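Numbering (my numbering), first residue to last: 1 to 271. Note that the Cβ used here is the ideal one computed from N, Cα and C, for glycine as well. Predicted model, so just to flag it, every value in this text is computed and none were measured. These notes are about the structure you will find just below.
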Ligand SMILES: [Zn+2]
């Protein structure tokens with residue numbers, strides 16, 4: 001899928017040598033600040049995750065206040081500050097308005113935005129993650145009935161990019177049984193588990209989550225990538241519910257394992 005946010009957004013009023021930068025950015029979340037301002041957490045394409053103030057944007061006469069909504073992809077001109085940046089200009093590149101108008105889509109898109117917010121620290125650059133978020137927001141808007149699957153596909157991909165790929169090819173405990181023949185999932189091992197290993201109750205696997213055959217088939221397709229394969233399939237409600245439950249547990253475990261240490265490390269001066 002081509003991304004329209006290639007290159008740099010142009011702004012005619014850009015002043016040379018001023019501490020300004022132009023970039024594409026997707027709004028992850030916003031907080032109220034004072035009477036009329038907002039702090040926006042934005043995933044930009046070239047400058048990483050930034051926090052920027054939108055001054056006066058909660059006033060009805062604000063020039064671009066209505067554009068600074070969650071999930072909106074903007075062409076931005078931003079004044080670089082010591083702690084917080086300040087939004088100077090904002091034009092809509094893609095509004096992604098459908099993601100805000102339907103509660104199911106809003107919940108799923110919010111989870112994707114929250115994950116991006118969580119995996120990056122301030123100013124951390126990751127143009128690939130920007131492109132991935134843009135792509136999955138686009139897929140979600142085009143396939144509104146599959147929003148939960150799209151969210152799961154995004155989560156799988158983000159985890160795999162960070163080096164935490166789920167083991168779906170064969171049993172994560174014995175490797176002797178193909179993934180599609182497995183019956184449950186071990187959060188601790190991050191993979192599918194066969195029935196024999198489940199019955200043997202190996203302490204290695206930890207607590208297991210029992211899954212239906214359809215859910216296992218779905219997980220294998222999502223893990224294999226290629227959105228077309230799982231987007232075109234018809235999946236029963238139980239399989240989708242099981243998958244959502246599983247992904248929530250997997251993410252909890254992953255965040256606990258990788259991000260606590262990551263955050264502690266980042267808080268140590270000089271690290
Ligand atoms: Zn096994």
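From the DSSP output, in three-state form, read off residue i for me.
{"i": "residue 120", "result": "coil"}
{"i": "residue 106", "result": "helix"}
{"i": "residue 177", "result": "coil"}
{"i": "residue 253", "result": "helix"}
{"i": "residue 153", "result": "helix"}
{"i": "residue 44", "result": "strand"}
{"i": "residue 244", "result": "helix"}
{"i": "residue 85", "result": "strand"}
{"i": "residue 71", "result": "coil"}
{"i": "residue 96", "result": "coil"}
{"i": "residue 172", "result": "coil"}
{"i": "residue 189", "result": "coil"}
{"i": "residue 167", "result": "strand"}
{"i": "residue 218", "result": "helix"}
{"i": "residue 61", "result": "coil"}
{"i": "residue 111", "result": "helix"}
{"i": "residue 133", "result": "helix"}
{"i": "residue 223", "result": "helix"}
{"i": "residue 37", "result": "strand"}
{"i": "residue 126", "result": "coil"}
{"i": "residue 162", "result": "coil"}
Just mark residue i as buried or exposed, buried being the case when its beta carbon has 16 or more other beta carbons within 10 Å.
{"i": "residue 197", "result": "buried"}
{"i": "residue 23", "result": "buried"}
{"i": "residue 175", "result": "exposed"}
{"i": "residue 124", "result": "exposed"}
{"i": "residue 45", "result": "buried"}
{"i": "residue 142", "result": "exposed"}
{"i": "residue 204", "result": "exposed"}
{"i": "residue 90", "result": "buried"}
{"i": "residue 63", "result": "exposed"}
{"i": "residue 88", "result": "buried"}
{"i": "residue 66", "result": "exposed"}
{"i": "residue 241", "result": "exposed"}
{"i": "residue 121", "result": "exposed"}
Run the proximity test for residue i: is its beta-carbon closer than 7 Å to any non-hydrogen atom belonging to ligand 1?
{"i": "residue 193", "result": "yes"}
{"i": "residue 174", "result": "yes"}
{"i": "residue 82", "result": "no"}
{"i": "residue 196", "result": "yes"}
{"i": "residue 250", "result": "no"}
{"i": "residue 171", "result": "yes"}
{"i": "residue 57", "result": "no"}
{"i": "residue 177", "result": "yes"}
Between the options, which lies nearest to residue i when the distance is taken from Cα to Cα?
{"i": "residue 34", "options": "27, 164 and 59", "result": "59"}
{"i": "residue 163", "options": "257, 31 and 123", "result": "257"}
{"i": "residue 53", "options": "46, 76, 71 and 61", "result": "76"}
{"i": "residue 31", "options": "5, 208, 138 and 70", "result": "70"}
{"i": "residue 68", "options": "80, 55 and 244", "result": "55"}
{"i": "residue 212", "options": "206, 194, 139 and 90", "result": "194"}
{"i": "residue 29", "options": "91, 104, 45 and 116", "result": "116"}
{"i": "residue 188", "options": "249, 145, 144 and 199", "result": "249"}
{"i": "residue 200", "options": "214, 122 and 184", "result": "184"}
{"i": "residue 161", "options": "39, 192 and 131", "result": "131"}
{"i": "residue 72", "options": "49, 99, 241 and 84", "result": "99"}
{"i": "residue 237", "options": "215, 225 and 139", "result": "215"}
{"i": "residue 180", "options": "140, 222, 202 and 145", "result": "222"}
{"i": "residue 104", "options": "149, 40, 224 and 47", "result": "149"}
Is any heavy atom in ligand 3 found nearer than 7 Å to the beta carbon of residue i?
{"i": "residue 210", "result": "Within the structure as shown, ligand 3 is missing, the only ligands being ligand 1."}
With 8 Å as the threshold, decide whether the Cβ of residue i is near any Cβ in chain D.
{"i": "residue 184", "result": "Considering every chain present, this structure includes no chain D. It has just one protein chain."}
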